[in-house]
Structure formats: C-alpha cells, structure tokens
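**Student:** With our numbering applied, the sequence shown covers 2 to 242.
All C-beta atoms, glycine included, are put in the ideal place defined by N, C-alpha and C.
Mind looking over this structure? Questions follow.
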Amino acid sequence: MLDNTIILQLVEKAQQGDQNAKSVLIEENSPLIKSVIKRFRDKGVEYDDLYQIGCMGFLKAIKNFNPEFGVKFSTYVVPMVIGEVKRFMRDDGSIKVSRALKSLNLQINRFIESFCHDKQRSPTIEEIASHFQIEQQEIILAMDSAKMPLSLYTPIEDDSESLTLIDRIESQEDENGKILDNIALNELVKKLDIRDRKIIMLRYYFDKTQSEIAKELNISQVQVSRLENKILSTLRSKLSL
Numbered sequence: 002m003l004d005n006t007i008i009l010q011l012v013e014k015a016q017q018g019d020q021n022a023k024s025v026l027i028e029e030n031s032p033l034i035k036s037v038i039k040r041f042r043d044k045g046v047e048y049d050d051l052y053q054i055g056c057m058g059f060l061k062a063i064k065n066f067n068p069e070f071g072v073k074f075s076t077y078v079v080p081m082v083i084g085e086v087k088r089f090m091r092d093d094g095s096i097k098v099s100r101a102l103k104s105l106n107l108q109i110n111r112f113i114e115s116f117c118h119d120k121q122r123s124p125t126i127e128e129i130a131s132h133f134q135i136e137q138q139e140i141i142l143a144m145d146s147a148k149m150p151l152s153l154y155t156p157i158e159d160d161s162e163s164l165t166l167i168d169r170i171e172s173q174e175d176e177n178g179k180i181l182d183n184i185a186l187n188e189l190v191k192k193l194d195i196r197d198r199k200i201i202m203l204r205y206y207f208d209k210t211q212s213e214i215a216k217e218l219n220i221s222q223v224q225v226s227r228l229e230n231k232i233l234s235t236l237r238s239k240l241s242l
C-alpha cells in the first residue's frame, strides 16, 4: 500500500502524461475499483466491462483531482467511478428489461395510485399480488425492474419543480464541487438524528412526497415541510464551514 505522499506524486506525474504513473495508480487502486463496481453486478453488464468502465472513471478522477480539495485521492475516486458506471447504464441502456415486465410495472404503478387514492394508504405486496393473481416474487421483480441506483442527484418531482438533494443544498457549482459536496453531504446525513435522517432519506432517496412522509411519521404535512427546511438549512450551513 502506497502512502498518501507517493500517491499524490504519482497523480501529478499522471496528469502530466506519465503513462507508467497511471498504470501504477490503476494497479494500486484496482481493489478499490472492484469494490465499487460490485454493487452494479447482475445489472445486465458483464463484470469485465464494468471494470473497464470503472477504470475510465478512475482515469477521470486522476485528470480532475486537486490536492486543494482537501480529501484523500481514494475518497475522490469513489463517486467518480460510481458516476461513470451510472452514466454508462443510463446513456447506453445497459439494463435490459423485457416489454412484459415494463408493462406489468406500469400496471402495478397505476393500481398503487388508484389504491392509495381509495384507501388513503399504500397497498402491501400481498394485496398487489392478489389483485394481479400472480406470485409476490413477480410483483417485486417488476417493481424493481424500474429502479436505478439512487444518488444525491436523483431528481424528485415536486409539483412544478424537479429537485435533488444536492440542488437544494448547493447550486451553481462546478463538477468537482458537486462531487465533493456529494461526499461531504453523505457524511452529514449519516450524523443526523433518526427522525431527521428518515425525513431526508424518504424525501430525497426514496422519492416520497411530504404528504406520504407525514402519514408515515404521523405528523402534518406542514410539520414535515418545516422540518425539511430546518434540516436543509442545517446541512447547508455545515457544508459551508
């Protein structure tokens, strides 16, 4: 394991075009790249391809890294590799879902919407399976087929605006700034108390509306709105330190 000083020296050389330095960095960080891409296995992309895509993200990390960011190179690498894999999956449509599964997922979504309107609650998997007269496993598979890995940049439809957590905290930042905010914000969210963390997770990671969160926490939507604004204000102030 190379120490941080040597890694920074290699990064600087690689940024100047030293191919040997790039090779050493890739070899040294290969276990890190592999650990990151593990979460994307069984998503329709061959493991070797995933690794190559991860290496592309790693090379971008080398190109864009600056010691003044105040984070370790390995910490900077992780979101860059994740972002590269997600970008590939999004742009190249690598996650293949059958038309039948897509159709079933659409029908399930319509049923859930109707059920929530009539019953004022979300249906259970058992109730959905009973309605469509198919196995619960098939329901779960159909619902999961529409899911993509979530991030702090996942858009949330909220009336007339499309929100992301990172947009609510920071705006008008360059790409490197967003990546660093992503790292820092993840750490801050982990340190929130249970209720506040749950609100943020439900709102920005699981695409829940304020009304849905209010029902789950047994409080009013107004309270959820006030708590959300307070939490965002706290996160914003801590990110600016």
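Work out the CA separation of Glu-114 and Lys-231 for me, nearest whole Å.
**Tutor:** Taking the straight line from one Cα to the other gives about 30 Å.
**Student:** For Asn-65, which three-state DSSP category applies?
**Tutor:** DSSP places Asn-65 in helix when its eight states are reduced to three.
**Student:** Under 8 Å Cβ to Cβ from Tyr-52, same chain only, skipping five residues before and after it: list those, please.
**Tutor:** For Tyr-52, where only same-chain residues beyond five positions count, the Cβ hits under 8 Å are Ile-34, Lys-35, Ile-38.
**Student:** Give every residue of the same chain whose Cβ lies closer than 7 Å to the Cβ of Pro-323, excluding the five residues on either side of it in the sequence, and list them in chain order.
**Tutor:** An answer regarding residue 323 cannot be provided, because it is not within the stretch 2 to 242 covered by the chain.
**Student:** Confirm, please, whether the CB-CB distance from Lys-64 to Glu-85 is below 8 Å.
**Tutor:** No; because the gap between Cβ atoms is not below 8 Å, this pair is not in contact.
**Student:** For a test of the three-state rule: what should DSSP assign to Gln-222, helix, strand or coil?
**Tutor:** Here Gln-222 sits in helix by DSSP.
**Student:** Is Ile-126 buried or exposed, if buried means 16 or more other CB atoms sit within 10 Å of its CB?
**Tutor:** Burial call: exposed.
**Student:** Whose C-alpha, out of Gly-58, Ala-215, Leu-102, His-118, is nearest the C-alpha of Ile-141?
**Tutor:** Of Gly-58, Ala-215, Leu-102, His-118, the residue nearest in Cα terms is Leu-102.
**Student:** Around the C-beta of Gly-18, are 16 or more other C-beta atoms found within 10 angstroms, so that it is buried, or is it exposed?
**Tutor:** Counting Cβ neighbours within 10 Å, Gly-18 comes out exposed, since fewer than 16 surround it.
**Student:** Could you give the first and the last residue of the continuous alpha helix (DSSP H) run that contains Lys-35?
**Tutor:** Run containing Lys-35: 20 to 38, per the alpha helix (DSSP H) assignment.
**Student:** Applying the criterion that 16 or more other CB atoms from any shown protein chain within 10 Å of the CB defines a buried residue, is Pro-32 buried or exposed?
**Tutor:** It is exposed - the Cβ of Pro-32 has fewer than 16 other Cβ atoms within 10 Å.
**Student:** Of the residues Ala-130, His-118, Ile-195, which one's Cα is nearest the Cα of Glu-213?
**Tutor:** Nearest option by C-alpha distance: His-118.
**Student:** Within a Cβ cutoff of 8 Å, which residues of the same chain sit near Ser-226, ignoring the five residues on either side of it in sequence?
**Tutor:** Result list for Ser-226: Gln-211, in chain order.
**Student:** Do Ile-27 and Cys-56 have their CB atoms nearer than 8 Å?
**Tutor:** Yes; because the gap between Cβ atoms is below 8 Å, this pair is in contact.
**Student:** Would you kindly work out how many angstroms separate the C-alpha atoms of Ser-161 and Ile-220, rounded to a whole number?
**Tutor:** In this prediction, Ser-161 scores a pLDDT of 39, lower than 50, which makes its location untrustworthy; the coordinate-derived value is nonetheless stated afterwards. Cα to Cα, the separation comes out at about 24 Å.
**Student:** From what residue to what residue does the alpha helix (DSSP H) around Asp-197 run?
**Tutor:** Element bounds for Asp-197: 195 to 201.
**Student:** Mind checking which residues open and close the alpha helix (DSSP H) that includes Glu-127?
**Tutor:** Element bounds for Glu-127: 126 to 133.
**Student:** With DSSP collapsed to three states, give me the class of Ser-95.
**Tutor:** The predicted position of Ser-95 is uncertain, since its pLDDT is 42 and thus under 50; a value taken from the coordinates is nonetheless stated next. Of the three classes helix, strand and coil, the one that applies to Ser-95 here is coil, per DSSP.
**Student:** Along the chain, where does the alpha helix (DSSP H) containing Lys-14 start, and where does it finish?
**Tutor:** Residues 5 to 16.
**Student:** Tell me whether Leu-189 is buried or exposed, calling it buried when 16 or more other Cβ atoms sit within 10 Å of its Cβ.
**Tutor:** With 16 or more other Cβ atoms within 10 Å, it is buried.
**Student:** Which of the three DSSP states, helix, strand or coil, is assigned to Glu-47?
**Tutor:** DSSP places Glu-47 in coil when its eight states are reduced to three.
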